[in-house]
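As they're listed, the protein sequences go chains A and R. At position 213 of the first sequence (counting the first as 1) the number is 1354 in the working numbering, and the numbers step up by one without a gap. At position 366 of the second sequence (counting the first as 1) the number is 725 in the working numbering, and the numbers step up by one without a gap. Structure, as structure tokens:
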Amino acid sequence: MRLRAASRGIQAPRRPEPVDRLAQGLGWFSVALGAAELLAPRLLGRAIGAGDHPALTRGCGLREIAAGVGLLTRPDPAPWLLARVAGDTMDLAMLAAAMADADRDAMRRLSGAAVAVLAVTALDVYAARAARERPAAAAPGSALRDGSVRVEHSIAVNRSAEDCYRMWRTLENLPRFIHHVESVEMRDSGRSHWKAKGPAGLSVEWDAEITRDDPNAVIAWRSVEGSRIPNSGVVRFAPAADGRGTFVSLSLQYEPPTGALGLTLAKLFGADPEQHVREDLRRFKRLLETGEIPTTQGQSHGPRPLWYRAFGGAGR
Amino acid sequence: MKANCWHGKADVRVEEVPDPTILNPRDCIVRITSTAICGSDIHLYDAYVPTMIQGDILGHEFMGEVVEIGPEVKRLKVGDRVVVPFTISCGHCFYCERREFSLCENTNPNAALAETLWGHSPCGIFGYSHITGGYAGGQAQYARVPFADIGPIRIDSNLPDEKVLFLSDIFPTGWMAAENCNIQPGDTVAIWGCGPVGLFAMKSAYLQGAGRVIAIDRVPERLRKAHDECGAETIDYDATSVLDALAELTGGRGPDSCMDAVGMEAHGHGLVGAYDKVKQTLRMQTERPTALREAIIACRTGGTVSVPGVYGGFADKIPLGAFMNKGLTIKTGQTHMQRYLRPLLERVEKGDIDPSFVVTHTLPLDEAPRGYRMFRDKLDECIKVVLKP
């Protein structure tokens, strides 16, 4: 079975990259230093020869903790590492200011502190650069670099790969389980003509061709040149271990006519492509396994509240 | 038709609603002759189960006559007298093939909702909130029953409704709860809750070879029923410490199996009871797991805890340390109804058990609101209400 897993945030076992570990270490360092600055500002100030500035030291403590929490909890460390570099610069400036009127003992302590801060700054700069150069993984269902959207999902179906393939290969079946597709008609040329619900209830149409057809294993298709909404899909059928049915994996890619902004808006209003694909595959499984798609739409019920009807729940 | 609809906390109303229709080829329509209020309906009535919507038709224990079938229904025909199990199963998925029917992957149209809260979805359930499908229930004159060839069991004998109605839920649920106790001949089984499921579990435990059954409750008529009709020794938790009493009764070792037949609305004592009530009211936890906590602490080392009581979300202060260090096994789940319908019907027909012993009240459907109130508040010694549409 081949799950196109990496792009769904699933990865084969691997070591975290060195930059991840470094960012993690710097995160804990930030939190620890911040806590010390927050809880024992006077002690710390005297230790580094900077004198008594509890309010200022506490402020720096809050800044350290914010950066630390960011590094430890957010997936992309780059902005938090940059924030740390800025903080280091600020610390060095303050140490320099303190040196201006320091006695000998304070000078010795301040120099020690400055060397330590410089060392940490070097680490921060190195880590920030490494993190920025690393390509960010696109979240599933979000726009890729070229503006297109790819969604992937898989489901276990308690039927043979042959049955799954046959249901899907009869493209006229697709509207029974793919939410936004209204009809698929086969044309003599071997191409198929698709009608689908587009954004804002508009109907969109295109012609598609099969680009790969490995019986009982893979079907891939793609809209032909010049389509208004260029799109493609591939579905794979892989027998599960021990005869436990078939893993069906679907990957759809399309260029949303409204661009990335439209996609974000659509998601806000509940039209999440990831969720749609999940439900499409669930309907496919249910249709194959039970011969129908279980539903409660159209069943009886008592009077519904206004909010329920307003959100299109009428009839359920 | 008339149907009992949920409208909010402690607010159910019998209303005129459209008759159900066949929506899918494997559906049938049943004209309901008897239907019951279940203890788990009280969790809905008290609004502790999320995803209820005003207008939902309640009820998951019902039986009647098939009046219409879909084109793909092969086994049932119009005129058949059937009892309908509360769970809906497709019969063809991974779980149905393993006979774990209540885990059916296909019958919950709102599976995505359940996955959000529970990771995975169980099967659809009649009249039991939208997280388990939002199916219209059976406290009505008619109900639509999906997968009619997989669920309903045909009753060919002329046993009265009251003797077979409880095959729809509480008898098989009590039976499976006893099976989940892993009873070895002569075992001692302690059962928290002498409601209908607890009472059926007591009878089932003896039929499965238990040597002793100890029942825990505080409602006098329920303890009496457990003692007089189910042969249980009883502990009134208002009058004595349950843990001390169980230790005393078992030579300090503890019962071999403990069953929580209470669920999310247990009544606790003292500080812990108040703590749970406050947290549940503030929606900081969805359960008051007093019975479960006691069951884990009381159970003998290496014993089994069975949980037929209904829980919906999150609970805290579960004694995991006791659970782990004592090497306990916990077994739970909605009932795999189709496993038990046939064999338990045969036991009723043979006279091993007469399930009608739990019934205390029979009311017309119109009086469902009164029935709910009476059952929840345990008024008039109410243990089980049957409604006649």
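We put the CB at the ideal spot given by N, CA and C, even for glycine. Since the model is a prediction, treat every value here as computed from it, not as a measurement.
Could you check whether the Cβ of residue i sits closer than 8 Å to any Cβ belonging to chain R?
i, result
"A:H1417", "no"
"A:G1432", "yes"
"A:N1314", "no"
"A:N1357", "no"
"A:P1281", "In this predicted model, A:P1281 has a pLDDT of only 48, less than 50, meaning its place in the structure is not dependable; the value taken from the coordinates is given anyway. No, no contact with chain R."
"A:R1149", "Per-residue confidence for A:R1149 stands at a pLDDT of 49, beneath the threshold of 50, marking its modelled position as unreliable; the derived number appears in the next sentence. Chain R, which has no Cβ nearer than 8 Å to the Cβ of A:R1149, makes this no."
"A:R1423", "yes"
From the beta carbon of residue i, is the nearest beta carbon of chain A less than 8 Å away?
i, result
"R:E782", "Coverage of chain R is limited to positions 360 through 748, which leaves residue 782 of chain R absent and any answer about it impossible."
"R:E427", "no"
"R:P505", "yes"
"R:A598", "no"
"R:E459", "no"
"R:E431", "yes"
Which residues in chain R have a C-beta closer than 8 Å to the C-beta of residue i? List them in chain order.
i, result
"A:E1420", "A471"
"A:R1291", "None at all; the shortest Cβ gap to chain R is about 21 Å."
Alpha carbon to alpha carbon, how far is residue j from residue i? Give it in angstroms, no decimals.
i, j, result
"A:T1311", "R:I381", "28 Å"
"A:G1443", "R:V373", "9 Å"
"R:T645", "A:R1363", "49 Å"
"A:Q1438", "A:V1292", "27 Å"
"R:G622", "R:P409", "15 Å"
"R:P544", "R:D615", "11 Å"
"A:A1278", "A:P1216", "Reliability of the predicted coordinates at A:A1278 is poor, the pLDDT of 48 falling under 50, and the value obtained from them is presented with this limitation in mind. In a straight line, the C-alpha of A:A1278 is about 10 Å away from that of A:P1216."
"R:T547", "R:P714", "23 Å"
"R:L526", "R:A471", "30 Å"
"R:K737", "R:P511", "31 Å"
"A:S1246", "R:V631", "Note that residue 1246 of chain A is Asp in the sequence shown, not Ser. If you take the alpha carbons of A:D1246 and R:V631, they lie about 59 Å apart."
"R:A499", "R:C387", "15 Å"
"A:R1457", "R:Y494", "Any reading at A:R1457 needs caution, since the residue's pLDDT is 47, under 50, leaving its predicted position unreliable; the model's value is listed next. Roughly 9 Å separates the two Cα atoms."
"R:V437", "R:M561", "37 Å"
"R:G486", "R:V389", "15 Å"
"R:V666", "R:Y454", "20 Å"
"R:L602", "A:D1161", "52 Å"
"R:E424", "R:K747", "14 Å"
"R:E538", "R:G367", "36 Å"
"A:F1318", "R:L462", "23 Å"
Does residue i come out as helix, strand or coil in the three-state DSSP assignment?
i, result
"R:C540", "coil"
"R:H303", "In this structure chain R extends from 360 to 748, so residue 303 of chain R is not present and cannot be described."
"R:Y596", "coil"
"R:F460", "helix"
"R:Y494", "strand"
"R:M411", "coil"
"R:L518", "coil"
"A:Q1394", "strand"
"R:L558", "helix"
"R:M618", "strand"
"R:C364", "strand"
"R:D370", "strand"
"A:H1334", "strand"
What residues of chain R sit near residue i, judged by a beta carbon separation below 7 Å?
i, result
"A:T1436", "L382, N383, P468"
Residue i versus chain A: which residues are under 8 Å apart at the beta carbon?
i, result
"R:P379", "Q1440, S1441"
"R:I416", "S1441, H1442, G1443"
"R:G483", "P1435"
"R:A495", "T1437, Q1440, S1441, H1442"
"R:E726", "Those do not exist, as R:E726 stays about 17 Å from chain A at its closest Cβ, beyond 8 Å."
What residue from the options has the CA that sits closest to residue i's CA?
i, options, result
"A:Q1440", "R:Y404, R:G414, R:D405", "R:G414"
"R:I401", "R:P728, R:G570, R:K747", "R:P728"
"A:W1347", "A:V1210, A:G1190, A:S1373", "A:S1373"
"A:K1338", "A:D1329, A:S1324, A:I1351", "A:S1324"
"A:D1329", "A:E1350, A:L1343, A:F1318", "A:E1350"
"R:G552", "R:G590, R:Y596, R:K522", "R:Y596"
"R:V578", "R:R571, R:W365, R:I594, R:G590", "R:I594"
"A:L1179", "A:V1298, A:R1204, A:H1417, A:L1167", "A:R1204"
"R:V572", "R:C617, R:T532, R:S600", "R:C617"
How would you list, in chain order, the residues of chain A whose beta-carbon sits under 9 Å from the beta-carbon of residue i?
i, result
"R:C364", "H1442, G1443, P1444"
"R:E456", "N1299"
Applying a beta-carbon distance threshold of less than 9 Å, which residues of chain R neighbour residue i?
i, result
"A:R1385", "F453"
For residue i, return the contacting residues in chain B, with the cut-off set at a CB-CB distance below 7 Å.
i, result
"A:R1427", "Absent here is chain B; the protein component of the structure consists of chains A and R."
Which residues in chain A sit within 7 Å of residue i, going by Cβ to Cβ distance?
i, result
"R:G763", "There is no way to answer for residue 763 of chain R, as the model of chain R reaches only from 360 to 748."
"R:C449", "E1430, T1431"
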